[in-house]
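K.L.:
Okay, so the sequence shown: first residue is 0 according to numbering that gives the first Met the number 0, each after it adds one. In this text, a Cβ means the ideal position worked out from N, Cα and C, and glycines have one as well. Remember, predicted model here, so these are calculated numbers, not experimental data. This is the structure, below, for whatever I ask next.
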Amino acid sequence: MKNDLLVSNLKSVGTNVRISQPTNISHPEKIIIGSNVYLGPDCFISAEGGLTIGSNCSLSGGLLIYTWNHDYNKEILPFGKEKVHKPVIIKDNVWIGSRVSIVPGVTIGEGSIIGLGSVVTKDVLDLAIIGGNPAKVIKFRDKKQYEKLKNNNKFLVLNK
Numbered sequence: 000m001k002n003d004l005l006v007s008n009l010k011s012v013g014t015n016v017r018i019s020q021p022t023n024i025s026h027p028e029k030i031i032i033g034s035n036v037y038l039g040p041d042c043f044i045s046a047e048g049g050l051t052i053g054s055n056c057s058l059s060g061g062l063l064i065y066t067w068n069h070d071y072n073k074e075i076l077p078f079g080k081e082k083v084h085k086p087v088i089i090k091d092n093v094w095i096g097s098r099v100s101i102v103p104g105v106t107i108g109e110g111s112i113i114g115l116g117s118v119v120t121k122d123v124l125d126l127a128i129i130g131g132n133p134a135k136v137i138k139f140r141d142k143k144q145y146e147k148l149k150n151n152n153k154f155l156v157l158n159k
């Protein structure tokens with residue numbers, strides 16, 4: 000029931016989407032999610048600046064996503080009252096490990112993998128496998144194999 004309620008409040012959502020509980024989502028009306036997406040438990044998503052999640056994505060538990068920050072270039076300290084909004088985009092076929100943090104304005108490239116505990120502070124290239132704090136490229140997925148699987152619709156069916 001809670002999954003249905005959360006999903007119904009999203010701006011747009013595909014089929015076969017599972018949002019595990021407990022999860023804290025602010026501004027669900029600014030979230031777009033594709034089809035066949037799993038969001039693990041204990042996630043915190045602050046989507047005030049907008050969030051797009053592509054299809055066939057597995058986002059593990061403890062994920063932290065912020066889409067806004069404080070403006071520290073103001074005439075008061077430590078920061079001004081205004082918020083700086085920057086959307087986060089997670090493209091298709093992405094796997095994000097447990098306890099990953101993603102900062103505002105980041106785009107996660109198609110087919111990429113983010114290792115557990117990573118702090119993503121910059122855009123991630125398509126097919127990149129990254130990890131660490133700050134996250135860095137470890138290697139890339141085999142493009143030929145990836146395209147073959149994608150073209151033959153070989154996707155893990157999540158949530159079934």
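Does the distance from the C-beta atom of Leu115 to that of Tyr37 stay below 8 Å?
P.N.:
Not closer than 8 Å, so no.
K.L.:
Short check: CB of Asn68 to CB of Pro27, under 8 Å?
P.N.:
For Asn68 and Pro27, no; Cβs fall outside 8 Å.
K.L.:
Could you tell me which uninterrupted alpha helix (DSSP H) segments, each at least 4 residues in length, are contained entirely in the segment 66-154, listed from first to last along the chain?
P.N.:
Runs of the alpha helix (DSSP H) inside the segment 66-154: 142-150.
K.L.:
If we ignore side chains and look at the alpha-carbon of each, how far apart do Glu74 and His84 end up?
P.N.:
Their backbone Cα atoms lie some 19 Å apart in a straight line.
K.L.:
Alpha carbons only, please: which of Gly39, Lys138, Asn23, Glu47 is nearest the one belonging to Ile30?
P.N.:
Closest by alpha carbon: Glu47.
K.L.:
How many whole angstroms separate the CB atoms of Trp94 and Ile112, which I take to be in contact at a CB cut-off of 8 Å?
P.N.:
Sure, about 5 Å apart at Cβ, within 8 Å.
K.L.:
On the three-state DSSP scale, how would you describe Val156?
P.N.:
Here Val156 sits in coil by DSSP.
K.L.:
Measuring alpha carbon to alpha carbon, tell me which residue in Tyr65, Ala127, Ala134 is nearest Thr51.
P.N.:
Nearest option by C-alpha distance: Tyr65.
K.L.:
List the residues that DSSP assigns as beta-bridge partners of Leu38.
P.N.:
Ile18, Leu58, per the DSSP bridge assignment.
K.L.:
Taking 8 Å as the cut-off, decide whether the C-beta atoms of Arg140 and Gly110 are in contact.
P.N.:
Cβ atoms of Arg140 and Gly110: closer than 8 Å.
K.L.:
Buried or exposed, going by whether 16 or more other CB atoms sit within 10 Å of the CB of Met0?
P.N.:
At Met0, the pLDDT of 40 sits below 50, so the modelled position is not reliable; the number obtained from the coordinates is stated separately. So Met0 counts as exposed.
K.L.:
What residue from Ser59, Asn8, Gly13, Val6 has the CA that sits closest to Ser117's CA?
P.N.:
Looking at the Cα atoms, Ser59 is the closest of the given residues.
K.L.:
Suppose the cutoff is 7 Å on Cβ atoms and the five residues either side in sequence are ignored; what does the same chain contact list for Glu81 look like?
P.N.:
For Glu81, where only same-chain residues beyond five positions count, the Cβ hits under 7 Å are Asp70.
K.L.:
On the DSSP bridge list, what partners appear for Val12?
P.N.:
According to DSSP, which records beta bridges pairwise, Val12 is partnered with Ile32.
K.L.:
Return the residue from the list Asn150, Arg98, Val12, Lys143 that minimises the CA-CA distance to Ser54.
P.N.:
The option with the nearest alpha carbon to Ser54 is Val12.
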